[in-house]
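Peer 1:
Protein chains: 2
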Amino acid sequence: MKGAATHIVDDDPAVRDALQWLLRSRDVPSQTWDSAERFLAFASRDVCGCLLLDVRMPGMSGIELFDRLRALQCRLPVIFLTGHGDVPMAVQALKDGAFDFIEKPYDDNLLVDKVLAAIEHDAKRCARDGAIQLLQQRLALLTQREHEVMQRILAGKLNKVIADELDIAMRTVEVHRSHIFEKMQVRSAVELSQALGMLGDAPNSRSGS
Amino acid sequence: MKGAATHIVDDDPAVRDALQWLLRSRDVPSQTWDSAERFLAFASRDVCGCLLLDVRMPGMSGIELFDRLRALQCRLPVIFLTGHGDVPMAVQALKDGAFDFIEKPYDDNLLVDKVLAAIEHDAKRCARDGAIQLLQQRLALLTQREHEVMQRILAGKLNKVIADELDIAMRTVEVHRSHIFEKMQVRSAVELSQALGMLGDAPNSRSGS
DNA sequence: TTGCCTATTGTGGTTTTCCGCAGAGAGCCG
DNA sequence: CGGCTCTCTGCGGAAAACCACAATAGGCAA
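Those protein sequences? They're chains H and B, same order as listed.
If you want the numbering used here, it's the position in the first sequence, counting the first as 1, plus 879.
If you want the numbering used here, it's the position in the second sequence, counting the first as 1, plus 879.
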């Protein structure tokens, strides 16, 4: 993972420095960016940590950066900072998956707590994302035929039934089956089912603070 | 399910009537309550639909009602209505799982859209909750020993291994196994694994509007 | 052309699962 | 005490899964 830290995006140098100083005083590593554009150029799918993001900035706004990041599959938890936030904006941001929305002036301790919560949340997300990527890499190894067989295995069908449906010999199904287990690195249909179970889980949830 | 409709909770009769009239004009059935206490007395785990809730009311506030409902396992999606909402309150409500947070004066079309979205969201939730309850009822039928065996089946262990671990004969494991499948109404370990898979899923997620 | 991957099938045998039949001991309740 | 449930076990057989060895055939790339 690239950049497992707190990223501070604000156009005001004084605010950036204050936030960085605050976080450093609590041993939270951080990195600052003076514009949404700069951070967007850096961001990628596998950034970990969290993002402290000012809403109003010249050029790209915090909200727009947030939308762009989501479009890029970047799931970094975002804590918005704003001096003039209105309720609809905050509601929309949270419904779109923002981690928090804080009005300035902020309380130092509260902000740090939220940052820590976001980082902890993201650590879990990163771990889960890693597992999912690994799974998908393995899935990509399967041939078309193996996919067809796997679907039917997960449907709980017997080899005999699968063979009938695909109009091939039972022996062939057995071969595919063993290849599937080998490529997916599982040793039974149960393990396979459990491994693939996490792929369908809602990737959009937050824990209450 | 009890009361699959939109529940309007507001102390102001004029607001209640206006909301009910608006919803009725769009063929959305609704029911009104003049205080948080009244609705709380009515609410239960299996209410379906959605809740249009005023924040400021004499006696119990909307926020408090919301907390109480959550404590009672009532997962009804809540749309807060407020004339004087502040950002922190909205943020906290949403992080606690509120469906939406709208400031008065509201736009009629927008509000109806949100209500419909909440109802649709809740229909899915109710369906899933029903499935989960059914599963848990079936799980409750299992004896202690059967639970122990089931765990090990889900761990992908062979009957032989399970027998060793529990220090019983393989035949006994087979008997337990068949009882488990019968009680859980599945026909294979894969189906069992998939059925129980939904129990662990995050019960806290909203779809972006 | 040769080599590799994919898909296919067969033979024969072992292991595992699943099931019916049959029975035993412990604990609980009317 | 007589049912009832839960737990445990054995026997024997059918069905299914699993596996090693062996082979055919098409497609594709070095």
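The C-beta atom is built at its ideal place from N, Cα and C for all residues, glycine as well.
At 7 Å on the CB atoms, spell out the chain H contacts of B/SER945, in chain order.
Peer 2: According to the sequence provided, residue 945 of chain B is Phe. The question's Ser does not apply to it. Near B/PHE945 there are no residues of chain H at all, since even the closest Cβ is about 12 Å away, more than 7 Å.
Peer 1: Can B/ALA1034 and H/ALA1068 be called in contact, C-beta distance under 9 Å?
Peer 2: Against a cut-off of 9 Å, the Cβ pair of H/ALA1068 and B/ALA1034 comes out as no contact.
Peer 1: Examine chain H for any beta-carbon lying closer than 9 Å to the beta-carbon of B/ARG1017, and answer yes or no.
Peer 2: Taking Cβ atoms only, chain H never reaches closer than 9 Å to B/ARG1017, which makes this a no.
Peer 1: Leaving out five residues on either side along the sequence, give the residues of the same chain with a beta carbon under 6 Å from the beta carbon of B/GLY962.
Peer 2: Cβ within range, chain order: LYS983.
Peer 1: Name the two residues that bound the continuous alpha helix (DSSP H) containing B/GLN1073.
Peer 2: B/GLN1073 -> alpha helix (DSSP H) spans 1068 to 1076.
Peer 1: Could you give the distance in angstroms between the alpha-carbon of H/PRO967 and the alpha-carbon of B/PHE980?
Peer 2: Approximately 8 Å, taken between the alpha carbons.
Peer 1: If you compare alpha carbons, which of B/GLY1079, B/LEU990 and B/ILE1011 is closest to B/ILE904?
Peer 2: Note that residue 904 of chain B corresponds to Ser in the displayed sequence, not to Ile. Minimum Cα distance to B/SER904 is reached at B/LEU990.
Peer 1: Write down the C-beta distance between H/LYS1039 and H/MET1049 rounded to the nearest angstrom, noting that I regard them as a contact closer than 8 Å.
Peer 2: Rounded, the Cβ-Cβ distance is 6 Å, consistent with contact.
Peer 1: Hey, is B/ILE981's beta-carbon within less than 9 Å of any beta-carbon in chain H?
Peer 2: True, the Cβ-Cβ gap to chain H drops below 9 Å.
Peer 1: Name, going along the chain, the residues of the segment 1051 to 1063 of chain H whose beta-carbon falls closer than 9 Å to a beta-carbon of chain B.
Peer 2: From the segment 1051 to 1063 of chain H, no residue has a Cβ closer than 9 Å to chain B.
Peer 1: Can you confirm whether the segment 996 to 1006 of chain H touches the segment 1015 to 1033 of chain H when touching is taken to mean that 3 or more C-beta pairs between the two stretches lie within less than 8 Å?
Peer 2: No contact exists between the segment 1015 to 1033 of chain H and the segment 996 to 1006 of chain H.
Peer 1: Can you find a C-beta in chain B that's less than 9 Å from the C-beta of H/ASP992?
Peer 2: It does not: the Cβ of H/ASP992 has no partner Cβ on chain B nearer than 9 Å.
Peer 1: Does chain B have any CB closer than 9 Å to the CB of H/ASP889?
Peer 2: No - not a single Cβ of chain B is within 9 Å of the one on H/ASP889.
Peer 1: For H/VAL1065, which three-state DSSP category applies?
Peer 2: H/VAL1065: coil per DSSP, three-state reduction.
Peer 1: Just checking my contact of B/LEU1014 with B/ALA1074 at CB under 8 Å: how many whole Å lie between their CB atoms?
Peer 2: Yes, B/LEU1014 and B/ALA1074 are in contact; Cβ-Cβ is about 6 Å, under 8 Å.
Peer 1: Report yes if the CB atom of B/ALA1010 is closer than 9 Å to the CB atom of B/MET1077, and no otherwise.
Peer 2: Yes, the Cβ-Cβ distance between B/ALA1010 and B/MET1077 is below 9 Å.
Peer 1: What separation, rounded to the nearest whole angstrom, lies between the Cα atoms of B/HIS896 and B/TYR985?
Peer 2: The displayed chain sequence assigns Asp, not His, to residue 896 of chain B. Looking at the two C-alpha atoms, the distance is approximately 15 Å.
Peer 1: Run down chain H in chain order and give the residues with a C-beta less than 9 Å from the C-beta of B/ARG1066.
Peer 2: Within 9 Å Cβ-Cβ: GLY1035.
Peer 1: Would you say B/LEU973 lies against chain H (beta-carbon separation less than 9 Å)?
Peer 2: Chain H, which has a Cβ nearer than 9 Å to the Cβ of B/LEU973, makes this yes.
Peer 1: Give me, in chain order, the residues of the same chain whose beta-carbon lies closer than 7 Å to that of H/GLU1053; leave out the 5 immediate sequence neighbours on both sides.
Peer 2: Contacts found: ASN1038.
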